[in-house]
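The numbering used here puts the first residue of the sequence shown at 23, with every later residue one more than the last. Report on one structure; see the data block that follows.
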Amino acid sequence: MQKIRKCIIAAAGYGTRFLPATKAMPKEMLPIVDKPVLQYLVEEAVAAGITDIVIVTGRGKHSIEDHFDTSFELEYTLVEKKKHDLLASVEGIPNLARIAYVRQPIPRGDGDAILRARPFIGDEPCLVLFGDDLIKGEKGGASQLIEAFSRKQTPIIALEKVSDERVSSYGIIESSSSEHGIHLVDKFLEKPKATETSSRLGVIGKYIITPEVFDYIERSGGEASRDGELRLADAFAAMVSDRDIYGLELEGARYDTGDKFGFLKATIDYALDREDLGPKLREFMKTRV
């Protein structure tokens, strides 16, 4: 029985959908109310038992490292001003997990970003999170995936049901064997038209991968992609014929924070759940809607 203790967080993208805000700020650092999306992901991983995280970054993303580091000057100022509640919100961040960083120098796809983290992972299965997807519910997405892996001991892909209109925006898995939200993957389709498949099981940015996935990414060599990028989807598509891969429908509300509307929905829903903001926000929304 292999235990998952390491996680890769891919956070190297440009975030072009949020320009001009992301010209100087990483999209992963955009706040949902007052906490960056990336911190939510780190906390999700830690809650699932992860102890070691490698974050794959790109040029201009130094603020990610600064956020998860100690800020002596800030903490000293908060102590001096007796703002203990704010101090508590920041002083524990550097101790969430052991975090390392590796840079993707050229944006060559999500598969290339994951390969950059391979030396830190070694010969272990690991959790992979992309910097856009949040799951809000009784149990985090990472915990659900790790529980499924403990039963199957093979790669697990996070899924959600998508509408006909959204099929062409997602990787889609086809399955002829399903049980309690776990689907044996028969075929992995990258952004098919709705008329090309009857499946509506869309892939979202959370996975458990095993060490051989790195080999499949390397062997793909970008040949399956017209733009020469390495993609995790290509590796999964090739693996399906060689070994069992499962997809897991995650429970809870899913937010695509890399999309403007998804980001707004997440901000509103997380704010509504807060005692300090929820009541005031509800009253304000009544005046606007």
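Cβ coordinates follow ideal geometry from the N, Cα and C atoms, glycine included.
In the three-state DSSP reduction, residue 211 falls in the strand class (E or B). Annotated three-state conformation of residue 199 is strand, per DSSP. With a contact defined as Cβ atoms closer than 8 angstroms, residue 133 and residue 239 qualify at about 4 angstroms.
Annotation for residue 115: no beta strand (DSSP E) segment contains it, and DSSP assigns it neither H nor E. Under the three-state reduction of DSSP, residue 32 is assigned to strand.
Pairwise C-beta distances place the stretch 172-180 in contact with the stretch 258-276, as three or more of them are shorter than 8 angstroms. Here residue 51 really is in contact with residue 58; their C-beta atoms are around 5 angstroms apart, less than 8 angstroms. Rounded to whole angstroms, the Cβ separation of residue 228 and residue 155 is 6 angstroms, and the two are in contact under 8 angstroms.
For residue 161, there is no enclosing beta strand (DSSP E), since its DSSP letter is neither H nor E. If you keep only unbroken beta strand (DSSP E) runs of at least 3 residues inside the stretch 247-280, you get 268-271 and 275-278. Under DSSP, residue 204 shares a beta bridge with 201 and 270. DSSP places residue 25 outside both helix and strand once states are collapsed to three, so it counts as coil. Residue environment analysis places residue 286 among the exposed positions, since fewer than 16 neighbouring C-beta atoms fall within 10 angstroms of its C-beta.
In the displayed model, residue 224 falls within a strand according to three-state DSSP.
Straight-line spacing of the CA atoms in residue 207 and residue 223 works out to 10 angstroms.
When the Cα atoms are used, residue 131 and residue 279 turn out to be separated by approximately 19 angstroms. The secondary-structure analysis by DSSP pairs residue 152 across a beta bridge with 32. In the DSSP assignment, residue 301 forms no beta bridge with any residue.
If you draw a 10 Å sphere on the C-beta of residue 141, you find fewer than 16 other C-beta atoms in it, and that means exposed. DSSP places residue 238 in the uninterrupted alpha helix (DSSP H) bounded by 234-242.
In the DSSP assignment, no residue is bridged to residue 55. Burial check for residue 98: the Cβ neighbour count within 10 Å stays below 16, so the residue is exposed.
By DSSP's assignment, residue 79 forms a beta bridge with 125.
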